[in-house]
Amino acid sequence: MEWKILAQPILDSRMLLILKRAEKIQRYLSKAVITYDSLPREIKYIAGIDIAYSDGRAYGAAVVLEYKTMRIIEEKTYSLNMTIPYIPTFLFLRELPPAIAVARMLKVKPDVFMVEGHGRAHPRRFGLACHFGLVLNTPTIGVAKGLLCGEVRSINDSWKPIIDGEEIIGAAVLTRKNSKPIYVSVGHKVSLETAVKIVLECSRHRIPEPIRYAHLIAEKAKRKT
DNA sequence: GCGACAG
DNA sequence: ATCTTGTCGC
């Protein structure tokens, strides 16, 4: 965690100490992540979370969709001032607060959440999606557009495993024919197999509907301000 | 040592 | 992530 940090004047020695402690916390909390299915067999509602930025402000959006139809049944937004810089592997410092806040505003309790960012496909096996799922103690799936660590094994078809060391930390999923894959990993209380299945069932475009809608809603909230 | 690195 | 028009392709 030294690379881009030196390129950012805002990161003083004090911040470096905070990151050191954060790493330790991430490694510790990663042990509490549940990587098997602990969610309803029949999913009725699924939620998507995304954050957009403008000036020094973050706009979080949460949307709940009816699983069977992918229709929006509820949406909420929440914004706050943002001063924390983006630092790879520490995305939670920026996005967890607005993500948790906006998720708590939902009246409908979804069976599973889809969060923008990695879950276990993280150097310390504790990406934003794990953090989110653990804090809210709810089933969560991590979906990212780019790889943070690990490598995709060019094996079979539908989805390819993301390998880091000896373990499978996620899956590269092709949600649409001629486009780049998206990276799916366990957030909390959902197995990788189920996570991939859910992502595929929610895909009409490259980005699965819950996150795609959350993104649009966050963008809309940003514009109207 | 150098490069890479979710949003 | 964000700043941005037209354009190629399913």
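The opening position of the first sequence corresponds to residue 1 in this note's numbering, with each subsequent residue numbered one higher. Heads up, the beta-carbon is just placed ideally off N, CA and C, and yes, glycines get one too.
In chain order, each beta strand (DSSP E) run of at least 3 residues that lies wholly inside the region 5-57
45-54
Determine, using beta carbons only, whether residue 108 and residue 45 come nearer to each other than 8 Å.
Their beta carbons are under 8 Å apart, which means residue 108 touches residue 45 by this criterion.
Using only alpha-carbon positions, find the residue among 152, 112, 90, 115 that is nearest to residue 124.
90
The region 17-28 / the region 36-43 touching (three or more Cβ pairs under 8 Å):
no
Thinking C-alpha only, which one of 88, 76, 122, 20 is nearest residue 102?
Per the Cα distances, 76.
On the DSSP bridge list, what partners appear for residue 107?
Residue pairing by DSSP leaves residue 107 without any beta bridge partner.
I'd like the span of the alpha helix (DSSP H) that includes residue 213, first residue to last.
For residue 213, the enclosing alpha helix (DSSP H) starts and ends at 209-223.
Cα separation between residue 7 and residue 85?
The predicted model places residue 7 with a pLDDT of 47, which falls under 50 and marks its position as unreliable; any figure quoted below should be read in that light. Linking residue 7 to residue 85 through their CA atoms gives a straight-line distance of about 12 Å.
Check whether the Cβ atoms of residue 219 and residue 62 lie closer than 8 Å to each other.
no
Please list, in chain order, all residues of the same chain as residue 217 whose beta carbon is under 7 Å from its beta carbon, the five residues on each side excluded.
61, 63, 75, 77
Among 105, 117, 186, which one has its Cα closest to the Cα of residue 212?
117
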